[in-house]
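The working numbering applies: residue -5 is where the sequence shown begins, and numbers increase by one.
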Amino acid sequence: MLVELTEDNLKEQLQTHPNAVVMYSAGWCGNCRLIKPKFKRMSAEQEALSFFIVDAEKFPESRKLAQVNNLPTFASFKDGQLLTQVQTNKEDVIKQLTHEITGH
-5 MLVELTEDNL KEQLQTHPNA VVMYSAGWCG NCRLIKPKFK RMSAEQEALS
45 FFIVDAEKFP ESRKLAQVNN LPTFASFKDG QLLTQVQTNK EDVIKQLTHE
95 ITGH
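Here's what the structure looks like:
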């Protein structure tokens, strides 16, 4: 499942979808635009996880959940709690985040 947030409600989303990977991005971010299609593809391959895309500039409350200060940032959440946050544009690093949640 992939959801691109249209309001600043990631905290509520994580209550319903506790095991998630979140991409924090912004429209002006070139690296964000490059990795976004890969992130979308990963979401289709991982049925056990929820994937969210958050515009870090528009949604400050959602941004605070992972203490985002660089873009793109990816964060993994298990049972609604932050596990890992990393600034990257490397697909293998993002896949590692999914393995931390699922255990495989």
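We treat Cβ as the ideally placed atom computed from N, Cα and C, and that holds for glycine. Since this is a predicted model, take the numbers as computed values, not measurements.
6 Å Cβ shell around residue i - same chain, five flanking residues per side excluded
i: S37; result: L(-4) and F45
i: F71; result: L8 and A14
Beta-bridge partners of residue i, as assigned by DSSP
i: L76; result: F71
i: S19; result: D49
i: V(-3); result: F46
i: A60; result: For A60, which the question treats as bridged, DSSP gives no partner whatsoever.
i: A14; result: S44 and F71
i: Q81; result: T67
Sequence-distant residues of the same chain with beta carbon closer than 8 Å to residue i, five excluded per side
i: A161; result: Missing from the structure shown is residue 161; the chain here goes from -5 to 98 and no further.
Cβ separation of residue i and residue j, assumed to be a contact under 8 Å, to the nearest whole Å
i: A20; j: A50; result: 6 Å
Burial state of residue i, where buried means 16 or more other Cβ atoms lie within 10 Å
i: V87; result: exposed
i: T92; result: buried
i: R57; result: buried
i: L28; result: exposed
Contacting residues, own chain, Cβ-Cβ under 7 Å from residue i (five flanking each side not counted)
i: C26; result: S19, A20, L65 and P66
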